[in-house]
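Read in the working numbering, the sequence shown has 1242 at position 23, and its numbers run on one by one without any break. Single-structure report; data block below.
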Amino acid sequence: MEVIEIPFVKYIGIEQNGSQLSLASSLKVENHIGTIHASAQFALAETQSGLFLQENFIDIEGEVLPLLRSSSVKYKSPAITQLRAIVSMRDEVKSKFKEKFLNRGRATISVEVELLDSDDVVTMVGTFVWFIQRLK
């Protein structure tokens, strides 16, 4: 499934440009002080982490059930303008995941995500831990 076709993702207005997701400021995602709501930022970052995994482990796509197991986020600055999500992952994290997954049919993997506004100010950082299990 394309991540931007997920009903909640569509509802809040997350858009895709290649491998990068973004979210524009709008009344739909505004909080009580006129900035982008924390939950909308979380949704952007979590969705970007899932897209990253989908694109980087295409050889197992459709054969697994990925579930977000846990996350840790820190909001660093008010989000007022359009946001874009940036993912980072060290190569050794990818290779450790692949090894565990191939041996056990399941494994966890952590994805680091930063959200930046249109002035390149970091508004949120997060770690998203995914549990991925092979479908039987």
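Don't be surprised by glycine CBs; every beta carbon is placed ideally from N, CA and C.
Is it right to say residue i is buried, meaning 16 or more other beta carbons lie within 10 angstroms of its own, or is it exposed?
| i | result |
| --- | --- |
| SER1268 | buried |
| GLY1345 | buried |
| ILE1328 | buried |
| ILE1252 | exposed |
| SER1307 | exposed |
| MET1343 | buried |
| LEU1270 | buried |
Between residue i and residue j, is the Cβ-Cβ spacing less than 7 angstroms?
| i | j | result |
| --- | --- | --- |
| SER1241 | ARG1309 | no |
| SER1289 | VAL1222 | no |
| VAL1332 | ALA1264 | yes |
| GLN1301 | SER1245 | no |
Measure the alpha-carbon distance for residue i versus residue j and round it to whole angstroms.
| i | j | result |
| --- | --- | --- |
| LYS1355 | ASN1275 | 22 angstroms |
| THR1254 | SER1291 | 21 angstroms |
| LEU1335 | SER1238 | 15 angstroms |
| GLN1260 | VAL1228 | 11 angstroms |
| LEU1272 | LYS1319 | 15 angstroms |
Since residue i and residue j should fall inside the 8 angstroms C-beta cutoff, what is the C-beta to C-beta distance between them, to a whole number of angstroms?
| i | j | result |
| --- | --- | --- |
| ALA1257 | TYR1230 | Between TYR1230 and ALA1257 the Cβ distance is about 17 angstroms, and since that is not below 8 angstroms, they are no contact. |
(request) Can you check the stretch 1293-1334 for any beta strand (DSSP E) of at least 3 residues that lies completely inside it and give the ranges in chain order? (result) You should have 1302-1307.
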